[in-house]
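Novice: Here it is, the structure in full.
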Amino acid sequence: MTTDTRAARLALVGERSPNVTSHTRIPLLLDALATQDRLVLDAYWIPTEDAEEPGAVRGFDAVWVVPGSPYRSEAGALAAIRTAREDGVPFLGTCGGFQHTLLEYARNVCGLTDVAHAENDPDADDLLLTPLACSLVGHEGTVTIAEGSLAESVVGARTSLERYHCSYGPTAHLDTLRAHGLRFSGEDEEGQVRMAELPGHPFFLASLFQPELAGDGSRPHPIVRALARAAVRHAGVPA
14 MTTDTRAARL ALVGERSPNV TSHTRIPLLL DALATQDRLV LDAYWIPTED
64 AEEPGAVRGF DAVWVVPGSP YRSEAGALAA IRTAREDGVP FLGTCGGFQH
114 TLLEYARNVC GLTDVAHAEN DPDADDLLLT PLACSLVGHE GTVTIAEGSL
164 AESVVGARTS LERYHCSYGP TAHLDTLRAH GLRFSGEDEE GQVRMAELPG
214 HPFFLASLFQ PELAGDGSRP HPIVRALARA AVRHAGVPA
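Following our numbering, the numbering of the sequence shown begins with 14 at its first residue and continues without gaps.
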C-alpha cells in the first residue's frame, strides 16, 4: 500500500517584497491552512518577469497573482492569468491581480487589444483601469455579493467587510466584459465592481480587496481557503 504525500503546488506570481504586507501575510496563511485545515500547499514565488516564459505556471495546481503592482512585467502577469484561465487551473487574483485579470480578459477574450492600465501606461488612449476617485489604501468597506455566485458559495454570505490597499479600479468596457462571459459578483456600497469570476471554470475568482489581510493571519479568509481546496482537488491529493 502506498500513500500519496505530494502537496498541491501553488504559484504565487508577483515580486516578493518584505515591504508588502500581503506578501508577509501569505506564508502565515499557508501554515494555518496546513495545521488547521490539513490543506498542504507547496508554494513557489514566481516574479512576473519569469512568468513571461512559456509554460511558466504550467504544472501548478493553482495560480495566485498577488498584490504588489506595478509589476515588473505586465506581460508576465497577463501570461500567468491566461494560462490559468485557458487550462482550467484554479486561480485567484487580488488587488493588482484583480486589475490584471480584467485587463487579460479584455484583451484576449473581448478583443480589446488596445486597452491599458493607467498605472502601467497612463497616456494610453483607451484605459480600462484608472485611478480611483478616492484611494482605497488602508480602507475597509462592505462588499455586496451576487446571489448564486461562486463568491457567495465561498464567502457564505451576501455581504462581507473587506480590506483594501489599492488606488486603481475598472471604469470602462464593463458591459463588454460581461457580454463575453465574465461575471462581476461583488460590488461596494456605491455599486462599483469589486469582484469578478468566470462561470464554467473550476475556480476562477478575483477581488480588488485583499482577503489575505483579513484578521491577524491566524485564520485564513474563506476565499483563501477555497483556493487551497481547489488546488488540492486539482492535484488529486486526498484532503
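Note that CB positions come from ideal geometry on N, CA and C, so glycine has one too.
1. Would you list the one or two residues that DSSP bridges to Val206?
2. Does Phe111 come out as helix, strand or coil in the three-state DSSP assignment?
3. Which stretch, first to last residue, makes up the beta strand (DSSP E) that contains Ala85?
4. Mind reading off the beta-carbon distance from Pro69 to Asp63? Whole number of angstroms is fine, and I expect it under 8 Å.
5. Who does Pro60 pair with in a DSSP beta bridge?
6. Taking the continuous beta strand (DSSP E) assigned at Leu141, which residues delimit it?
7. In three-state DSSP terms, what is His178?
8. Tell whether a beta-carbon distance below 9 Å holds between Ala88 and Ile59.
9. In angstroms, rounded to a whole number, what distance separates the CA positions of Ala90 and Gly27?
10. Pull up the distance between the alpha-carbon of Gly249 and that of Ala119, whole angstroms please.
11. Could you give the C-beta distance for Phe222 and Tyr177, rounded to a whole number, given that I count them as a contact under 8 Å?
Specialist: Looking at the atomic coordinates:
1. To locate residue 206, count along the sequence shown from 1; it is residue 193. DSSP output for Val206 lists Glu200 as bridge partner(s).
2. Reading the sequence shown from its first residue, position 98 is the one you call residue 111. Correct three-state label for Phe111: helix.
3. For this step, residue 85 is matched to residue 72 along the sequence shown. Here the sequence assigns Arg to residue 85, which means Ala is not the residue at that position. Premise fails: Arg85 is in no beta strand (DSSP E) and is neither H nor E.
4. As a first step, residue 69 must be located in the sequence shown, where it is residue number 56. As a first step, residue 63 must be located in the sequence shown, where it is residue number 50. With the sequence shown as reference, residue 69 is identified as Ala, and Pro is not the correct amino acid for it. The pair is a contact, with the Cβ atoms about 6 Å apart (cut-off 8 Å).
5. Taking the sequence shown and counting its residues from 1, one reaches residue 60 at position 47. Beta-bridge pairing links Pro60 to no other residue.
6. Taking the first residue of the sequence shown as 1, we reach residue 141 at position 128. Leu140 to Pro144 is the span of the beta strand (DSSP E), which, as asked, contains Leu141.
7. Taking the first residue of the sequence shown as position 1, residue 178 is located at position 165. Note: His178 maps to coil in three-state DSSP.
8. On the sequence shown, residue 88 is found 75 positions in, with the first residue counted as 1. On the sequence shown, residue 59 is found 46 positions in, with the first residue counted as 1. Note that the C-beta distance between Ala88 and Ile59 is not below 9 Å.
9. The residue given as residue 90 occupies position 77 in the sequence shown. The residue given as residue 27 occupies position 14 in the sequence shown. The straight-line gap from Cα to Cα measures roughly 7 Å.
10. Within the sequence shown, the letter at position 236 stands for residue 249. Within the sequence shown, the letter at position 106 stands for residue 119. Taking the straight line joining both Cα atoms gives about 32 Å.
11. As a first step, residue 222 must be located in the sequence shown, where it is residue number 209. As a first step, residue 177 must be located in the sequence shown, where it is residue number 164. The beta-carbon separation of Phe222 and Tyr177, rounded to 5 Å, stays under the 8 Å limit for a contact.
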